């Protein structure tokens, strides 16, 4: 059955392994991912629009996302370690919708793609936003964690549908 | 403005800190959280219903989730370290819907709640599922990461609405 | 020789160990530490007084310091792991002097003091400030890393001289 | 304003990011850094001149410094991961002055400089020395953490003034 | 089948979990473990008997073992985090036999035993010894990693047979 | 004395360092290592032959071994960080002998060999097996941790004797 082999991290007998990437060529690879935190409008205002002198709230989540991208191979067991060469994490707070959209971009010169790094960055940034707001909104939800686009590597460029 | 003070991790001037929990009492605390991975039915079958002798696929995600729960204070900058006393991570694959529901339960005897640990467990388990299937479905989405219930501590028990 | 025994991490034959603290009593312990980054006045202005909408520069250093406090037993080989219950990291930029003073406060309910955690917090916050400014001032110096005060524990309270 | 752009880790709006180094060329890069621990002469003797059969005291600090160099991108949020190819950490105890000078050299073949790795090595080695002596000298100070010299990379060689 | 339940980390359906220890009582617990590195007599002499001024070789392995004890819950997926209160790692080089015996003692006040911590300490100390000697003896073997004794906790004291 | 120089991690004065590998050439390198867990036949059956629907027991040890390979430079102080490109961990349970043989293969394109990574993988997989069975067999022993073969690099291929 050909699909069985499609789970690249699983061998023919079903056991997991870290696949061989030693012959893949090193190219510049980029991936973008996003996540949405759904909360209430007043909470979005608290997080993002305070006129406080030191507005650390979203900075904390940004740093958490950037640091998490570097930790991806420690968190996702079969991920290969990669020399990350760029990470950005951005927030789009929308008080009307009560949402905060998070987008990460990760770049490397390496032998595997960086979509797991970008997904890990937005996930941990979203968890950190949740941690900031959980005292005011226990019911917040993290939604729509997905890859937006990736480029570089043999499998070519890919972009998510609208 | 009283709401400003509601972001417990942020001080009056907007700067972040790790709040003082030294006077909180140690009680048994439990939290349950969930996440949904949305993919295709055939991918769910590959992951969960293979008759392979060593079906590691979901085991990898379970272990990743359990280990991530222990790493929560390394990932979420303002989380307090906690002596976790129990973690379970379970999967409910649904081939008809093309979804895998992930639920984690975390327990501690400690001074703060463990909802961040439970959310981190399901998030990293979901990222690991994504990593297993990304070669066959780049468009998979992780949705609905939320707390289901928490108990213990001063703020009392809480359960998510249906 | 009594002084030989004063190096508590070293046994009679000179070999290192992690000393036994299992009989020490758990009390609330606090330590404050500081570090000074010496650079140029214009660099301090860049770091601390920019009217930019998202002034992340010192936030990054604050988060780095808080997270480093939690990593102390991973960095300092003979330190005991401790359940940290509070961390703050603050900055006093002084453009006239070309300095940034960093102060950290760490609190625990535990069996050992937290001066190493407070010192680690200011050291890593200072290294992060250095990393932010190194492109504009390679000659910056981190000075005066020291304990300001500690309280709690059998050895009693202690405060640094002026 | 050109200076605003000089903080390479901060974008035009003030938010932090990990800058793109994917187009920088891989060259051999070296950095040397130092730190001074200021204590009392008798403490320096305890640390460095004991005739004990197993004189682990400074070895512990050396290993801590070497291991910390490898942890730099985990500690300093916007540092890129680098394949470190050499680390040395050396001590110059001076009982007359009551000081211990620590010098680290770090080398890599990579796309960014290694001054942060060398500074992290001396800082953590100094913190470890402090941890060894804190029972006999709470008032010890870590001073003068700075880059001594760096070479390799586009910006050319650099040496600290005397 | 009652034996199935004996694998405490495995639930009735065979899936792994981190078992609940929240109701276990906190007592002082100690474990001792050992490992043997088998190499050649001349290599043991190199490692342990050099008259060099700074004999770091076994110090490196000792520190590695102590630090690894603290990392046990990061390495062994279902281990509970524990506040370690004492660690020692000792070496018995025997040039006649070409062996180095490593013994670790770990102590805690906690709710689970520390045999995994003691075993991890000797294992990583042994791996570090191997790393020191691999250029002169690729064929070295690490043997006999086992618990020597444990005490504390409900299951009572236990000692290995001779 | 030439042998003194054979301990590559130790300098002429006996102090430890991380040796310079910046001039070594990057080649594909492979290492295989093994470990034996000695327990009782009925325990091997419990671990490996249960007809349970989710047989996670050895999966946990496999994942632990794979993740530990990536952590080698964090555990073994003088190891260089390496971009691991493949890891497999396999188990050969033998109920008749009461043993489980563990074999790991690690591959890299890098400047140093990967025998320490392969040894770390089997050691941590073996510790994890021990952790799974310790409630039913405290007297289990981990034996025979050794390199089976290595290839790539200047020193050429090497294979252990039978």
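Chains as they are written, first to last, in our numbering: chain A, 1 to 162; chain B, 1001 to 1162; chain C, 2001 to 2162; chain D, 3001 to 3162; chain E, 4001 to 4162; chain F, 5001 to 5162. For every residue, glycine included, the Cβ atom is placed at its ideal position computed from N, Cα and C. Computed from a predicted model, the values in this text were never measured in an experiment.
Residue i, DSSP secondary structure in three states
i: residue 4136/E; result: coil
i: residue 3081/D; result: coil
i: residue 4163/E; result: This structure cannot speak to residue 4163/E, because chain E is shown only from 4001 to 4162.
i: residue 3087/D; result: strand
i: residue 2072/C; result: helix
i: residue 1065/B; result: helix
i: residue 3112/D; result: coil
i: residue 3125/D; result: helix
i: residue 1151/B; result: strand
i: residue 5118/F; result: helix
i: residue 3164/D; result: Residue 3164/D lies beyond the stretch modelled for chain D, which goes from 3001 to 3162, so this question has no answer here.
6 Å CB neighbourhood of residue i in its chain, flanking five on each side removed
i: residue 41/A; result: 95 and 98
i: residue 5073/F; result: 5079 and 5081
i: residue 3090/D; result: 3103
i: residue 2025/C; result: none
i: residue 1117/B; result: 1069, 1072 and 1106
i: residue 1062/B; result: 1089
i: residue 3159/D; result: 3149
i: residue 2161/C; result: none
Sequence-distant residues of the same chain with beta carbon closer than 8 Å to residue i, five excluded per side
i: residue 2009/C; result: 2016, 2017, 2018, 2019 and 2078
i: residue 5137/F; result: 5039, 5040 and 5043
i: residue 2064/C; result: 2124, 2125, 2127 and 2128
i: residue 1083/B; result: 1108, 1109 and 1110
i: residue 134/A; result: 140
i: residue 3060/D; result: 3128 and 3132
i: residue 3157/D; result: 3149, 3150 and 3151
For residue j and residue i, believed in contact at Cβ under 8 Å, the rounded distance
i: residue 2108/C; j: residue 2075/C; result: Not really, about 17 Å apart at Cβ, beyond 8 Å.
i: residue 2046/C; j: residue 2093/C; result: Rounded, the Cβ-Cβ distance is 10 Å, inconsistent with contact.
i: residue 2155/C; j: residue 3127/D; result: The Cβ separation is near 20 Å, so there is no contact.
i: residue 21/A; j: residue 5086/F; result: 7 Å
i: residue 4056/E; j: residue 5014/F; result: 6 Å
i: residue 4007/E; j: residue 5132/F; result: 6 Å
Sequence-distant residues of its chain with Cβ nearer than 7 Å to residue i (five each side left out)
i: residue 4153/E; result: 4027, 4029 and 4113
i: residue 4115/E; result: 4031, 4033, 4147 and 4150
i: residue 1130/B; result: 1037, 1140 and 1142
i: residue 2011/C; result: 2017
Closer than 7 Å: residue i CB and nearest the ligand NAD heavy atom
i: residue 4109/E; result: Looking for the ligand NAD in the displayed structure turns up nothing, as the structure carries no ligands at all.
Minimum length 4: unbroken alpha helix (DSSP H) runs contained in the segment 5002-5047 of chain F: 5002-5006
Within 7 Å of chain F by C-beta, residues of the segment 3060-3073 of chain D in sequence order: 3062, 3063, 3066, 3067 and 3070
Residues of the segment 5026-5038 of chain F whose Cβ lies closer than 8 Å to any Cβ of chain A, in chain order: 5028
Residues, ordered as in the chain, of the segment 107-133 of chain A that lie near chain D by beta-carbon distance below 9 Å: 107, 108 and 109
query: Which residues, in order along the segment 1071-1103 of chain B, keep a beta-carbon less than 7 Å from a beta-carbon of chain E?
result: 1083, 1084, 1085, 1086, 1087 and 1088
message: Please identify, using Cβ separations under 7 Å, the residues of the segment 5005-5019 of chain F that lie next to chain D, in order along the chain.
response: 5015, 5016, 5017, 5018 and 5019
message: Along the segment 2130-2155 of chain C, where does the CB come closer than 8 Å to a CB of chain D? Name the residues.
response: 2130, 2131, 2132, 2133, 2134, 2135, 2136, 2138, 2139, 2140, 2141, 2142, 2143, 2144, 2145, 2146, 2147 and 2150
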